[in-house]
Each structure stands twice: as C-alpha cells, then as structure tokens.
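Peer 1: I have a structure I would like to understand better, so I am pasting it below and will then ask my questions one at a time.
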Amino acid sequence: MSAPIKVPKGLYGVAVTETRIAKSDADGSLIYRGYPIADLAAHATFEEAAWLIIKGTLPTRGELDEFISSIGSRMEVSAKVYAVMRDLGRDSHPIDVLRTGISALGSVDSEPTVALQQASIEAKMSVLAANCHRVPRGSGPRGPKPAARFGANLLQMLTDREASEYEEWVFERVLMMYLEHDLNASSFTVRVVASTRADPYAAAAAGLAALKGPLHGGANEAAMDMLLEVRGPDNASAYVMSALKDGKKVMGFGHRVYKKLDPRAQLCKGYLRELLKKQGTDDSLYRLCDALENEMWERKKLPANLDFYAAPLMYSLGIEIPLYTPVFAASRVFGWMAHYDEQVAEDRLIRPDATYVGPTGLKYSPPGSG
Ligand code: ACO
Numbered sequence: 005m006s007a008p009i010k011v012p013k014g015l016y017g018v019a020v021t022e023t024r025i026a027k028s029d030a031d032g033s034l035i036y037r038g039y040p041i042a043d044l045a046a047h048a049t050f051e052e053a054a055w056l057i058i059k060g061t062l063p064t065r066g067e068l069d070e071f072i073s074s075i076g077s078r079m080e081v082s083a084k085v086y087a088v089m090r091d092l093g094r095d096s097h098p099i100d101v102l103r104t105g106i107s108a109l110g111s112v113d114s115e116p117t118v119a120l121q122q123a124s125i126e127a128k129m130s131v132l133a134a135n136c137h138r139v140p141r142g143s144g145p146r147g148p149k150p151a152a153r154f155g156a157n158l159l160q161m162l163t164d165r166e167a168s169e170y171e172e173w174v175f176e177r178v179l180m181m182y183l184e185h186d187l188n189a190s191s192f193t194v195r196v197v198a199s200t201r202a203d204p205y206a207a208a209a210a211g212l213a214a215l216k217g218p219l220h221g222g223a224n225e226a227a228m229d230m231l232l233e234v235r236g237p238d239n240a241s242a243y244v245m246s247a248l249k250d251g252k253k254v255m256g257f258g259h260r261v262y263k264k265l266d267p268r269a270q271l272c273k274g275y276l277r278e279l280l281k282k283q284g285t286d287d288s289l290y291r292l293c294d295a296l297e298n299e300m301w302e303r304k305k306l307p308a309n310l311d312f313y314a315a316p317l318m319y320s321l322g323i324e325i326p327l328y329t330p331v332f333a334a335s336r337v338f339g340w341m342a343h344y345d346e347q348v349a350e351d352r353l354i355r356p357d358a359t360y361v362g363p364t365g366l367k368y369s370p371p372g373s374g
C-alpha cells in the first residue's frame with residue numbers, strides 16, 4: 005500500500021464519497037435531491053420532502069397516501085422499549101433516553117427486511133422523541149393520533165395542546181429544515197456504521213450519539229439556554245463581547261459549509277417574526293435574535309445557523325428545551341436512512357488510516373509494587 009494521503013483535521017474540505025441526496029454550498033444554497041430548500045419549504049409538506057429524501061423523487065398522490073398511512077401504522081411502540089426508557093430515571097437527558105430507546109427497539113422489533121426496519125425506525129423515532137422526557141420521569145407515554153399529519157402529530161405529542169394551523173405549518177417547516185444536510189457529523193457516523201453492514205437500528209443509535217454534541221444537534225438547546233440568559237436585545241452586544249473575550253463559542257453561530265449565510269436559518273428567522281405576530285406576542289425574542297446575529301457578524305463574521313433560529317421557534321411553540329435535539333432527530337432520521345441506503349449500495353468499509361505519532365520500541369515490564 006502506498007503512503008496514506010494526509011487530509012486536514014476534521015476532514016475540512018475533503019469529499020470522502022459521492023451523494024445524490026443533498027448538497028449544501030458555501031454560497032448559502034441547499035438542495036434536497038435537486039430541489040432548493042426554499043421551494044420545498046414554500047410548497048411541499050413534510051411527508052413529501054421526507055419521501056423525496058429517502059426515495060429520490062417527489063411522490064405521486066398514491067405513493068404519498070401510502071407513505072402517510074405506512075408511517076401511521078408503524079407508530080406504536082412496544083411496552084418493553086418504554087420499560088427500558090423508564091428505568092433510566094428522571095435525571096437522564098432525553099437524547100440519551102431516545103438513543104437507548106432506539107437501541108432497545110433494535111432488540112425487540114421483528115421486522116424481517118432492512119426496508120421495513122427503516123420504516124419502523126422512521127415512524128417510531130418521532131413517538132420516542134416525544135416521550136423521551138416524560139417516560140423516565142414516571143409519566144405514561146403519549147401516543148400519536150391516528151391519521152394525523154406527521155408534524156401536527158409530533159407537535160401535539162410534544163406539547164399536549166391544540167396548535168393553530170399556522171403553528172403546525174411552522175413546525176413542519178422546522179422539521180423540513182432538519183431533514184437532511186449532506187455529510188454532517190451524524191450522517192457520516194451513520195454511513196460508517198452502515199459500511200460495516202450493521203443493521204439500521206445500530207446506525208440510527210450511532211447517529212443519535214453524534215447528534216447529541218453541542219457542536220452539532222445539541223446546539224439548539226444550548227442556543228435557547230443562551231437566549232434566555234441574555235434576555236433582551238439591549239444585552240446582546242455585551243454578551244457577545246464577553247463570550248468572545250473569554251474564548252467561548254456562541255451557540256447557534258458558525259458552520260462548516262456556510263460562511264456567509266445558512267439558508268435554513270434565514271427561512272426560520274422569517275417564520276419566527278411571523279409566528280410571534282400571529283400569536284400576538286411581544287417581538288422581543290425576535291429582536292434579541294436579530295441583535296445577536298448582527299453582533300456576531302460584525303465582530304466575528306460568523307452567520308447564524310439553523311439551530312439558532314429553530315430554537316426560539318420551538319420555544320414559541322411551547323416545546324420544552326431538552327426536547328429540541330430529539331425533535332431534530334425525529335426529522336433527520338429520514339436523511340440518515342437515505343445515507344444508510346447509499347452507503348450499503350456502495351458496499352465499501354469506511355476504514356481510514358492514521359499517522360502514528362506515539363512512541364515505539366518500548367519493552368513490557370510487569371507492574372511493580374511502587
Ligand atoms: N462562536 C465563537 N467562535 C466561533 C464559533 C462560534 N459559534 N464558531 C466558530 N468560531 C471560531 C472558532 O473558534 C475558530 O476561531 P479561530 O480560527 O480563532 O480558532 C473559527 O471560528 C473557525 O471555527 P471552527 O470551529 O474551526 O469551524 P468549523 O467549521 O470546524 O466549525 C462549527 C463549525 C462546529 C459549527 C462551529 O462554528 C461551532 O462550534 N459553532 C457553535 C456550535 C453550533 O452552533 N453548532 C451547530 C451547527 S449547525 C447544525 O448542527 C444544524
């Protein structure tokens with residue numbers, strides 16, 4: 005074997021595979037299977053976009069109806085899975101509970117084919133996401149409503165309240181933004197696991213592990229905590245100055261691909277302004293976000309990313325903060341499964357090399373008494 009090729013840390017700017025699922029670009033564009041995100045967000049339903057991601061084309065009416073009923077029919081979760089989640093106890097973080105729930109599902113689900121296993125995971129991830137905070141705290145699981153739309157159903161299970169039509173529409177847009185994002189850290193993780201020919205449950209659990217981190221999916225929860233800490237637009241400048249001076253990362257800012265703007269963040273910013281107006285709420289949360297965005301751009305030339313605007317949207321929709329990353333997962337799982345299929349089709353083990361820089365030539369000696 006010839007000398008390994010050295011690549012930048014974090015694989016920055018390295019194309020490690022080909023994909024037909026989505027493409028994000030530094031110029032601030034994002035396409036799902038060729039369709040601009042703004043076009044889908046304006047016209048499509050979440051189910052249409054999810055089908056597009058996993059199948060590659062927009063669904064026909066018949067395919068869409070079948071997809072909706074297939075998701076609905078697979079949402080019931082075994083009591084054994086809830087028992088495992090409940091045993092974790094009230095202090096566990098919901099995303100850990102969700103990951104454990106998906107692992108448990110892998111042991112108790114009896115779907116015979118990979119395609120049916122994927123359908124089961126996609127349907128149940130949303131139900132588990134809605135219940136991963138409640139169940140370990142001793143509450144009974146909330147079930148989905150039969151025949152309800154995916155987004156409306158998830159919102160209802162998360163909040164247990166009747167949302168307005170606009171609130172449901174906005175939540176569906178948030179899910180659509182989270183659906184897929186080419187080779188982000190969790191999707192790459194899913195591909196590594198898929199490349200070993202492990203099953204989709206293992207891949208989804210691994211995706212959840214990668215999603216938890218605050219540099220990836222966990223950023224939406226951290227961003228909301230920060231917004232609550234800063235409190236009002238008048239404090240934005242001092243907060244940013246102090247965070248940057250202390251060398252802290254300001255959550256919800258910066259992106260590996262988008263250096264000027266994240267199109268998903270800008271769409272969500274518009275939804276936030278409209279949502280607060282429609283709810284008849286004071287717009288100080290919007291103004292706070294806008295002020296932080298301006299400060300971060302002026303001082304660091306870093307754009308707001310999706311998590312920065314998805315967080316206040318979920319907050320305004322009444323979703324508890326520890327559930328933000330599970331909501332991300334309930335949507336991104338469709339993208340993960342598309343990546344799983346692409347990787348399995350490639351059928352090549354992902355196993356890079358490393359340059360060894362440790363010591364050599366040491367000689368074993370048994371443990372001494374000192
Ligand atoms: N706040 C302050 N400084 C930042 C931030 C931030 N949010 N993001 C990047 N920087 C700084 C880095 O410290 C670094 O500065 P330096 O060159 O002086 O050392 C420089 O900008 C480059 O940053 P990197 O971390 O090297 O950029 P990278 O492309 O690897 O990271 C990342 C992207 C991880 C998203 C980063 O911007 C970050 O940590 N952001 C905060 C977490 C976050 O919001 N994650 C959500 C991502 S989007 C999503 O998952 C939907």
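For the sequence shown, the positions run 5 to 374 when the numbering used here is used. For glycine and all other residues, C-beta sits at the position ideal for the given N, C-alpha and C.
Could you name the residues that DSSP lists as bridge partners for I41?
Peer 2: In DSSP, I41 forms no bridge with anything.
Peer 1: Below 7 angstroms CB to CB, which residues in the same chain sit around A223 once its five sequence neighbours on both sides are set aside?
Peer 2: M255, G256 and D311
Peer 1: Please identify the residue among G274, T61 and R146 whose C-alpha is closest to the C-alpha of M79.
Peer 2: R146
Peer 1: Would the region 340-353 count as touching the region 193-200 if we require 3 or more Cβ pairs under 8 angstroms?
Peer 2: yes
Peer 1: Can you give me the start and stop residues for the beta strand (DSSP E) that K376 sits inside?
Peer 2: Past the edges of the chain, shown from 5 to 374, lies residue 376, and the structure says nothing about it.
Peer 1: Answer yes if the region 30-47 comes into contact with the region 177-191, meaning at least three C-beta pairs across the two stretches below 8 angstroms, and no otherwise.
Peer 2: With three or more CB-CB distances shorter than 8 angstroms, the region 177-191 counts as touching the region 30-47.
Peer 1: Can you find the residues in the same chain that come closer than 8 angstroms, C-beta to C-beta, to S124, ignoring five residues on each side of it along the sequence?
Peer 2: Contacts found: R78, L109, D113 and E115.
Peer 1: Short of 7 angstroms in beta carbon distance, which residues of its chain neighbour P267, apart from the five on each side in sequence? Order them along the chain.
Peer 2: G32, S33, L34, I41 and A42
Peer 1: What I want to know is whether the C-beta of Y16 ends up closer than 8 angstroms to one or more non-hydrogen atoms of the ligand ACO.
Peer 2: yes
Peer 1: To test your reading of the DSSP string, which unbroken alpha helix (DSSP H) runs of 4 or more residues are found completely within the region 296-358?
Peer 2: 310-320 and 328-350
Peer 1: Should the region 64-77 be called in touch with the region 294-303, which here means at least 3 C-beta pairs below 8 angstroms?
Peer 2: no
Peer 1: Give a yes or no on whether the minimum CB-CB distance between A87 and chain C is below 9 angstroms.
Peer 2: Looking at the structure shown, chain C is missing, and only one protein chain is on hand.
Peer 1: Are Y290 and R277 touching if we call contact CB-CB under 9 angstroms?
Peer 2: Pairing Y290 with R277 gives a Cβ-Cβ distance under 9 angstroms.
Peer 1: For the ligand ACO, is there a heavy atom less than 8 angstroms away from the beta-carbon of P330?
Peer 2: no
Peer 1: Take the Cβ of E176 as the centre, count every other Cβ of all protein chains shown within 10 Å, and call the residue buried at 16 or more, exposed below.
Peer 2: buried
Peer 1: Less than 8 angstroms separating the Cβ of K128 from some heavy atom of the ligand FAD?
Peer 2: Looking at this structure, you won't find the ligand FAD anywhere; what it does contain is the ligand ACO.
Peer 1: Out of curiosity, what's the CA-to-CA distance linking P218 and A226?
Peer 2: 7 angstroms
Peer 1: From the DSSP output, in three-state form, read off S199 for me.
Peer 2: Correct three-state label for S199: helix.
Peer 1: In chain order, what are the residue ranges of uninterrupted alpha helix (DSSP H) at least 4 long that sit wholly in the region 148-212?
Peer 2: Entirely contained in the region 148-212, the alpha helix (DSSP H) runs reaching 4 residues are, in chain order, 154-163, 169-182 and 189-199.
Peer 1: Report the three-state DSSP secondary structure of L34 (helix, strand or coil).
Peer 2: Correct three-state label for L34: strand.
Peer 1: If we require 4 or more residues per run, which alpha helix (DSSP H) segments fall completely within the region 103-146?
Peer 2: 118-135
Peer 1: Check A242 in the structure and name its three-state DSSP category.
Peer 2: helix
Peer 1: Three-state secondary structure (DSSP) at K264?
Peer 2: coil
Peer 1: Looking at the unbroken beta strand (DSSP E) that takes in K84, where does it start and where does it end?
Peer 2: Segment A83 to D91 is the alpha helix (DSSP H) holding K84; no beta strand (DSSP E) there.
Peer 1: So what's A48 in DSSP terms, helix, strand or just coil?
Peer 2: coil
Peer 1: Measuring only the C-alpha atoms, how far is Y170 from L279?
Peer 2: 8 angstroms
Peer 1: Name, in chain order, the residues that DSSP records as bridge partners for A26.
Peer 2: DSSP output for A26 lists Y36 as bridge partner(s).
Peer 1: Could you compute how far the alpha carbon of A269 sits from the alpha carbon of P370?
Peer 2: 58 angstroms
Peer 1: Taking the alpha helix (DSSP H) that E67 belongs to, which residues open and close that run?
Peer 2: R65 to S77
Peer 1: Please state whether the Cβ-Cβ distance between A207 and R103 is less than 9 angstroms.
Peer 2: 9 angstroms or more divides the Cβ of A207 from the Cβ of R103.
Peer 1: For a test of your reading of the model: does the CB of D186 fall under 8 angstroms from any non-hydrogen atom of the ligand ACO? Yes or no.
Peer 2: No - the ligand ACO has no heavy atom lying nearer than 8 angstroms to the Cβ of D186.
Peer 1: For the ligand ACO, is there any heavy atom lying closer than 8 angstroms to the beta carbon of G258?
Peer 2: yes
Peer 1: Using beta-carbon positions only, say whether M341 and I99 come within less than 9 angstroms of one another.
Peer 2: no
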